[in-house]
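K.L.:
Sharing a structure below in structure tokens format, with a few things to ask.
2 protein chains.
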Amino acid sequence: MKFWEDIVVGERAEIGRHTFTTEAIKAFARAFDPQPFHIDEAAAARSHFGALCASGWHTASVWMRLMIDHENREDAARLARGEAVATLGPSPGFRELKWQRPVYVGDTITYATEVIDKRASNSRPQWGLMSIRNSGVNQKGETVISFISAAFVERRK
Amino acid sequence: MKFWEDIVVGERAEIGRHTFTTEAIKAFARAFDPQPFHIDEAAAARSHFGALCASGWHTASVWMRLMIDHENREDAARLARGEAVATLGPSPGFRELKWQRPVYVGDTITYATEVIDKRASNSRPQWGLMSIRNSGVNQKGETVISFISAAFVERRK
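Sequences listed follow chains A and B, in order.
Just so we're aligned, residue 10 is where the first sequence starts under the working numbering, counting upward by one.
Just so we're aligned, residue 10 is where the second sequence starts under the working numbering, counting upward by one.
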């Protein structure tokens, strides 16, 4: 992770893409969201969705995974350049999460992130807070998920 | 699911409780949130969390699972009474998700839900919209997660 001081409001990154398979959609849904349209093709065809689609929590959890993978790649590059790496701290939460469209089997979602705010933390002087707008867009260019997240980021000593 | 007409603003339900195990915390995190404090006890002990704790997306996904299980139990009771069962429709999203405290290994979280708003849908006359405030509270009575979600619910014909 970048140190909080080096984060620039407005910077944007494509963090990765993910294709949702039948197997992964069903496995997530069986564990966490066993609604018929997430676990059974025939039931999904009869539903308002019209076909098997991923749980919204699955779409969001994949964002988290790609974000961590992205930061790990960035950190490896920083270390290779001899730079220090900051710690990503806890997240106080999220707001305005919207699932604009279903994610169907075979859809490839490209996730991107944009820094929209940063501020110091009065209560935790070793951390700064950043707010980022996250989105996932399918192969047709349609946004399927968007939300704003906050996270604490380590400050330089 | 209740039909939209039968939902009463202010009604509250305890939807279920869940104890987070080491194995489940690590399995979710390896798939979706492989940060050191979610997958490795020693790294977690050195982190700001102080011990292994669940991904916030895991805590949220368990809410979804308990919500579906709760609705399935309620629907079975309705059918046993000879009542009709409404369809739970898609969720446009949620807002104000807060992770107030970590969920550590062995914590038992009790999830509850409260209807805070309902309104008709102009664009989808067969559906009504409800907003519910959801929370998860640990065995010490501390809130660990809260958020407001929206969902479409079938209206009576």
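We put the CB at the ideal spot given by N, CA and C, even for glycine.
Because the structure is a prediction, the values reported are computed rather than measured.
Looking only at C-alpha atoms, which of A/125, A/149, A/67 sits nearest to residue 39 of chain A?
P.N.:
Within the first sequence, the letter at position 30 stands for residue 39 of chain A. Residue 39 of chain A has its Cα closest to that of A/67, out of A/125, A/149, A/67.
K.L.:
Could you tell me which of B/65, B/11, B/49 sits nearest to residue 107 of chain B, measuring between CA atoms?
P.N.:
As a first step, residue 107 of chain B must be located in the second sequence, where it is residue number 98. Minimum Cα distance to residue 107 of chain B is reached at B/65.
K.L.:
I'd like to know whether the C-beta atoms of residue 126 of chain B and residue 148 of chain B end up nearer to each other than 8 Å.
P.N.:
Residue numbering aside, residue 126 of chain B sits at position 117 when the second sequence is read from its first letter. Residue numbering aside, residue 148 of chain B sits at position 139 when the second sequence is read from its first letter. Not in contact: residue 126 of chain B and residue 148 of chain B (Cβ atoms no closer than 8 Å).
K.L.:
Taking a Cβ distance cut-off of 7 Å, strictly less, list which residues of the region 77–108 of chain A are near chain B, in chain order.
P.N.:
The region 77–108 of chain A vs chain B, Cβ under 7 Å: 77, 98, 99, 100, 101, 102, 103, 104, 105, 106, 107, 108.
K.L.:
So what's residue 138 of chain A in DSSP terms, helix, strand or just coil?
P.N.:
As a position in the first sequence, residue 138 of chain A is number 129, starting the count at 1. Looking at residue 138 of chain A - three-state DSSP - the assignment turns out to be strand.
K.L.:
Strictly by DSSP, which residues pair up with residue 155 of chain A?
P.N.:
As a position in the first sequence, residue 155 of chain A is number 146, starting the count at 1. DSSP lists A/107, A/144 as partners of residue 155 of chain A.
K.L.:
Using a beta-carbon distance cut-off of less than 8 Å, what residues from the region 64–76 of chain A approach chain B?
P.N.:
Listed by position, the residues of the region 64–76 of chain A near chain B (Cβ gap below 8 Å) are 64, 65, 66, 69, 70, 71, 73, 74.
K.L.:
Using beta carbons (cut-off 8 Å, strictly below), is residue 41 of chain B in contact with chain A?
P.N.:
Locating residue 41 of chain B in the second sequence gives position 32, counting from the first residue. Closer than 8 Å to some Cβ of chain A, the Cβ of residue 41 of chain B qualifies, so yes.
K.L.:
DSSP three-state label for residue 119 of chain A, please.
P.N.:
Position 110 of the first sequence holds residue 119 of chain A. Residue 119 of chain A falls in the strand class under three-state DSSP.
K.L.:
Skipping 5 residues on each side, what residues in its chain have a beta carbon closer than 8 Å to that of residue 153 of chain B?
P.N.:
Position 144 of the second sequence, counting from 1, holds the residue named residue 153 of chain B. 68, 108, 109, 110, 111, 112, 116, 118, 145, 146, 147, listed in sequence order.
K.L.:
Taking the beta carbon of residue 15 of chain A as the centre, do at least 16 other beta carbons fall within 10 Å, making it buried, or is it exposed?
P.N.:
Taking the first residue of the first sequence as position 1, residue 15 of chain A is located at position 6. By the 10 Å Cβ count, residue 15 of chain A comes out exposed.
K.L.:
Could you round the C-beta distance between residue 42 of chain A and residue 77 of chain B to whole angstroms and report it? I think they count as a contact, below 8 Å.
P.N.:
As a working mapping, residue 42 of chain A is identified with position 33 in the first sequence. As a working mapping, residue 77 of chain B is identified with position 68 in the second sequence. Confirmed, Cβ separation roughly 6 Å.
K.L.:
Compare the C-alpha of residue 140 of chain B against each of B/97, B/81, B/54, B/50 and name the closest.
P.N.:
Here residue 140 of chain B corresponds to residue number 131 of the second sequence, with the count starting at 1. Looking at the Cα atoms, B/97 is the closest of the given residues.
K.L.:
I want to see whether chain A comes within less than 8 Å of residue 27 of chain B, judged by CB atoms only; does it?
P.N.:
Translated into the one-based positions of the second sequence, residue 27 of chain B becomes position 18. No, because no Cβ of chain A sits closer than 8 Å to the Cβ of residue 27 of chain B.
K.L.:
Tell me which residues of the region 118–149 of chain B have at least one Cβ-Cβ distance to chain A shorter than 8 Å, keeping chain order.
P.N.:
Correct list: empty, as no residue qualifies.
K.L.:
Just to confirm, does residue 47 of chain B get its C-beta within under 7 Å of one of the non-hydrogen atoms of the ligand ATP?
P.N.:
The ligand ATP is not among the ligands present in this structure, which contains no ligands whatsoever.
K.L.:
Check whether the Cβ atoms of residue 70 of chain B and residue 158 of chain A sit closer than 8 Å, and answer yes or no.
P.N.:
Taking the first residue of the second sequence as position 1, residue 70 of chain B is located at position 61. Taking the first residue of the first sequence as position 1, residue 158 of chain A is located at position 149. Contact: no.
K.L.:
Considering only residues of the same chain and omitting the five flanking positions on each side of residue 6 of chain A, which have a CB-CB separation below 8 Å?
P.N.:
The shown model of chain A, from 10 to 166, leaves out residue 6 of chain A, and the question about it has no answer.
K.L.:
Looking at the secondary structure, which residues open and close the beta strand (DSSP E) in which residue 22 of chain A lies?
P.N.:
Working through the first sequence from its first residue, we reach residue 22 of chain A at position 13. Its beta strand (DSSP E) spans residues 21–28.
K.L.:
Grouping DSSP H, G and I as helix and E and B as strand, with all else coil, what is residue 127 of chain A?
P.N.:
Looking up residue 127 of chain A in the first sequence gives position 118. The answer is strand: DSSP assigns residue 127 of chain A an E or B state.
K.L.:
Helix, strand or coil, according to DSSP, for residue 163 of chain A in the structure here?
P.N.:
Numbered from 1 along the first sequence, position 154 holds the residue referred to as residue 163 of chain A. Strand at residue 163 of chain A.
K.L.:
Against chain C, with Cβ distances strictly below 8 Å, would residue 28 of chain B count as a contact?
P.N.:
Within the model displayed, chain C is absent; protein chains A and B are what it includes.
K.L.:
For residue 18 of chain A, which residues in the same chain have their Cβ closer than 8 Å to its Cβ, ignoring the five residues on either side in sequence?
P.N.:
In the first sequence, counting from the first residue as 1, residue 18 of chain A sits at position 9. Excluding residues within five positions, the ones whose Cβ falls inside 8 Å are 124, 125, 126, 127.
K.L.:
Alpha helix (DSSP H) containing residue 45 of chain B: first to last residue?
P.N.:
Within the second sequence, the letter at position 36 stands for residue 45 of chain B. Counting along the chain, the alpha helix (DSSP H) containing residue 45 of chain B begins and ends at 45–48.
K.L.:
So, is residue 88 of chain B buried or exposed, given that buried needs 16 or more other C-beta atoms within 10 angstroms?
P.N.:
Stepping through the second sequence from its first residue, residue 88 of chain B is reached at position 79. That one is exposed.
K.L.:
Using the three-state DSSP reduction, which class does residue 61 of chain B fall into: helix, strand or coil?
P.N.:
By one-based count along the second sequence, residue 61 of chain B stands at place 52. Coil, per DSSP.
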